[in-house]
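A.B. asks:
There are 2 protein chains.
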Amino acid sequence: MPTVMNTESSEHLAATFSALADPTRIRLVHAIFAGEQCVHDLSVMLGLEQSTVSHQLRLLRDRGLVRRRKEGRHAYYLLDDSHVKDLFAFAVEHARHTHKHGKKERLRVR
Amino acid sequence: MPTVMNTESSEHLAATFSALADPTRIRLVHAIFAGEQCVHDLSVMLGLEQSTVSHQLRLLRDRGLVRRRKEGRHAYYLLDDSHVKDLFAFAVEHARHTHKHGKKERLRVR
DNA sequence: TCAATACATGCACCTATGCTCATATGTCAA
DNA sequence: TTGACATATGAGCATAGGTGCATGTATTGA
Numbered sequence: 012m013p014t015v016m017n018t019e020s021s022e023h024l025a026a027t028f029s030a031l032a033d034p035t036r037i038r039l040v041h042a043i044f045a046g047e048q049c050v051h052d053l054s055v056m057l058g059l060e061q062s063t064v065s066h067q068l069r070l071l072r073d074r075g076l077v078r079r080r081k082e083g084r085h086a087y088y089l090l091d092d093s094h095v096k097d098l099f100a101f102a103v104e105h106a107r108h109t110h111k112h113g114k115k116e117r118l119r120v121r
Numbered sequence: 012m013p014t015v016m017n018t019e020s021s022e023h024l025a026a027t028f029s030a031l032a033d034p035t036r037i038r039l040v041h042a043i044f045a046g047e048q049c050v051h052d053l054s055v056m057l058g059l060e061q062s063t064v065s066h067q068l069r070l071l072r073d074r075g076l077v078r079r080r081k082e083g084r085h086a087y088y089l090l091d092d093s094h095v096k097d098l099f100a101f102a103v104e105h106a107r108h109t110h111k112h113g114k115k116e117r118l119r120v121r
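Chains as they are written, first to last, in our numbering: chain P, 12 to 121; chain H, 12 to 121.
Printed below as a string of structure tokens:
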């Protein structure tokens, strides 16, 4: 018989998945996948309010998925480490398998 | 400059992550990781209402993460395919890296 | 046929979450 | 210093999501 996962572990895992459980955050992560971007550029290229981008990046940062590099009046966000990159790339591949409708979307790794 | 992920792709990816963005569903997936389980046993071992288990398994099924095998008055749920298994195991490993507090939880693969 | 068991599901309630607006903080250039 | 630009953040609103209750359906056994 299977073991029962404890509350703490399941909550932590769920929190990680929650971080990527929103289309806006998915697009943000995807946008900085190849390299860091500042808040302003992200809001322009994704057509989002600056405040929305800040709020969501803060959440991703709290969850440990992205980091911030401040330079002057700019804040550059980048993926926290290679694990995040791998997890995201893995999920994209998984999605390509399960998505019935032909997916043209492709991820440029590195 | 990075490509912008289209709405459809980001929504589909977010939907996949959403499926695992809840502690209860994480525990359910973990519980059937090693092999199929029926609704009743799951509700007993996880201490959940039968209705809660049914509701959440339905969601997981709609998202394509689990399958159902009916036998008499029982419904056995199992992970849909090896991709789901890999994604879950991958995420667990990722969590082990990021979780500061020592994690004793371990996943028994196969 | 009747009762018990196993699942599924609509509804209602409550909480969580994402977005916008307004505003605060901080930096740079003139 | 002043104004423009870049970012952060709290409040409020609207909606999504998780759970329990009640009930419906199906299967099994007496």
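Glycine is no exception: its CB is placed at the ideal position from the N, C-alpha and C atoms.
#1: Measure the C-alpha to C-alpha separation of residue 65 of chain H and residue 101 of chain P and round it to an integer number of angstroms.
#2: Have a look at residue 98 of chain H and residue 81 of chain P and give me their C-alpha separation to the nearest angstrom.
#3: Please decide whether residue 78 of chain P counts as near chain H, where near means a Cβ-Cβ distance under 8 Å.
#4: Express the C-alpha separation of residue 105 of chain P and residue 61 of chain H in angstroms, rounding to a whole number.
#5: Could you give the DSSP three-state label for residue 84 of chain H: helix, strand or coil?
#6: Would you decide whether residue 23 of chain P is buried or exposed? Buried here means 16 or more other CB atoms lie within 10 Å of its CB.
#7: Roughly how many angstroms separate the alpha carbons of residue 69 of chain H and residue 85 of chain P, rounded to a whole number?
#8: Could you work out which residues of chain P lie near residue 38 of chain H, taking near to mean beta carbons separated by less than 8 Å?
#9: Counting only beta-carbon separations shorter than 8 Å, does residue 73 of chain H have a partner in chain P?
#10: Would residue 40 of chain P and residue 31 of chain P qualify as a contact pair, given that the criterion is a beta-carbon distance under 8 Å?
#11: Apart from the five residues just before and just after residue 48 of chain H, which ones in its own chain have a Cβ nearer than 7 Å to its Cβ?
#12: Give me the chain H residues within the contact set of residue 100 of chain P, using Cβ-Cβ distance strictly less than 8 Å, ordered along the chain.
#13: Is DSSP giving residue 11 of chain P helix, strand or coil here?
#14: Under 7 Å Cβ-Cβ, which residues of chain P neighbour residue 63 of chain H?
#15: Thinking C-beta only, is residue 21 of chain P closer than 8 Å to residue 38 of chain H?
C.D. replies: Taking the definition as stated:
#1: Position 54 of the second sequence, counted from the first residue, corresponds to residue 65 of chain H. Position 90 of the first sequence, counted from the first residue, corresponds to residue 101 of chain P. Cα-Cα distance, rounded: 28 Å.
#2: The count along the second sequence starts at 1 and reaches residue 98 of chain H at position 87. The count along the first sequence starts at 1 and reaches residue 81 of chain P at position 70. Rounded to the nearest angstrom, the two C-alpha atoms are 33 Å apart.
#3: Position 67 of the first sequence, counting from 1, holds the residue named residue 78 of chain P. No - not a single Cβ of chain H is within 8 Å of the one on residue 78 of chain P.
#4: In the second sequence, residue 61 of chain H corresponds to position 50, counting from 1. In the first sequence, residue 105 of chain P corresponds to position 94, counting from 1. Their Cα atoms are separated by approximately 30 Å.
#5: For this step, residue 84 of chain H is matched to residue 73 along the second sequence. Residue state, collapsed to three classes: coil.
#6: By 1-based counting over the first sequence, the position of residue 23 of chain P is 12. Per the 10 Å Cβ criterion, buried.
#7: For the purposes of this step, residue 69 of chain H is taken as the residue at position 58 of the second sequence. For the purposes of this step, residue 85 of chain P is taken as the residue at position 74 of the first sequence. Taking the straight line from one Cα to the other gives about 45 Å.
#8: Residue mapping note: residue 38 of chain H aligns to position 27 of the second sequence, counting from 1. Within chain P, the residues near residue 38 of chain H are 15, 16 and 21.
#9: On the second sequence, position 62 is the one that residue 73 of chain H refers to. No, residue 73 of chain H does not count as interfacial toward chain P.
#10: Taking the first residue of the first sequence as position 1, residue 40 of chain P is located at position 29. Taking the first residue of the first sequence as position 1, residue 31 of chain P is located at position 20. Contact flag set, yes.
#11: Taking the second sequence and counting its residues from 1, the one referred to as residue 48 of chain H is at position 37. The residues are 42, 87 and 88.
#12: Against the first sequence, residue 100 of chain P aligns to sequence position 89. Ordered by position in chain H, no residue passes the 8 Å Cβ test against residue 100 of chain P, which lies about 10 Å from the chain.
#13: Past the edges of chain P, shown from 12 to 121, lies residue 11 of chain P, and the structure says nothing about it.
#14: In the second sequence, the residue the question calls residue 63 of chain H occupies position 52. Chain P residues near residue 63 of chain H: none, gap ~14 Å exceeds 7 Å.
#15: Walking along the second sequence from the start, residue 38 of chain H turns up at place 27. Walking along the first sequence from the start, residue 21 of chain P turns up at place 10. Yes. Within cutoff.
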